[in-house]
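In the working numbering, the protein residues as written are 1 to 129.
Next up, the structure:
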């Protein structure tokens, strides 16, 4: 069995990847997922192992209706960081949109088990619960 992957350290504030990441997150927070995806894709190209970039890009791709791409990003996170509750929840939402209800249910249950106090994860997910 291969060793679990470690979480990568924080960005250095002055890096191009960090600047692209921050711009992407800002666009995402302002409701501009296409612009966010552009900047976050650039950041991911520069720092391919960053969970924070993959998560933000997954959120942008989901907002754009690119559920397969978003699912791929969230699945990469759950593979690297199996206890990442939000990634399991987000993957469940993507899989639900893709019609993969059984797998969506499994990831939703994992999210709930990993963070039982979360009100968001306890809410029913239409077509899954």
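Glycine is no exception: its CB is placed at the ideal position from the N, C-alpha and C atoms. Small disclaimer: the values here were computed from a predicted structure and weren't measured.
Which listed residue (the options) has its alpha carbon closest to that of residue i
{"i": "residue 91", "options": "65, 63 and 58", "result": "58"}
{"i": "residue 85", "options": "109, 22, 71 and 73", "result": "109"}
{"i": "residue 79", "options": "93, 51, 66 and 41", "result": "51"}
{"i": "residue 26", "options": "93, 94, 53 and 70", "result": "53"}
{"i": "residue 15", "options": "45, 125 and 116", "result": "45"}
Counted within 10 angstroms of its Cβ, other Cβ atoms place residue i as buried (16 or more) or exposed
{"i": "residue 33", "result": "buried"}
{"i": "residue 47", "result": "buried"}
{"i": "residue 24", "result": "buried"}
{"i": "residue 55", "result": "buried"}
{"i": "residue 122", "result": "exposed"}
Nonlocal neighbours in the same chain, by C-beta distance under 7 Å from residue i, ignoring five residues either side
{"i": "residue 29", "result": "none"}
{"i": "residue 114", "result": "83, 85 and 88"}
{"i": "residue 39", "result": "20, 23, 24 and 27"}
{"i": "residue 17", "result": "11, 43, 46 and 47"}
Residue i: first and last residue of the uninterrupted alpha helix (DSSP H) it sits in
{"i": "residue 91", "result": "85-97"}
{"i": "residue 66", "result": "It is not in any alpha helix (DSSP H) - residue 66 carries neither H nor E in the DSSP assignment."}
{"i": "residue 15", "result": "Premise fails: residue 15 is in no alpha helix (DSSP H) and is neither H nor E."}
{"i": "residue 126", "result": "Per DSSP, residue 126 belongs to no alpha helix (DSSP H) and is neither H nor E."}
{"i": "residue 33", "result": "33-46"}
{"i": "residue 103", "result": "101-114"}
8 Å Cβ cutoff met for residue i and residue j
{"i": "residue 37", "j": "residue 20", "result": "no"}
{"i": "residue 98", "j": "residue 76", "result": "no"}
{"i": "residue 101", "j": "residue 81", "result": "no"}
{"i": "residue 74", "j": "residue 63", "result": "no"}
{"i": "residue 96", "j": "residue 104", "result": "yes"}
{"i": "residue 94", "j": "residue 71", "result": "yes"}
6 Å Cβ shell around residue i - same chain, five flanking residues per side excluded
{"i": "residue 112", "result": "121"}
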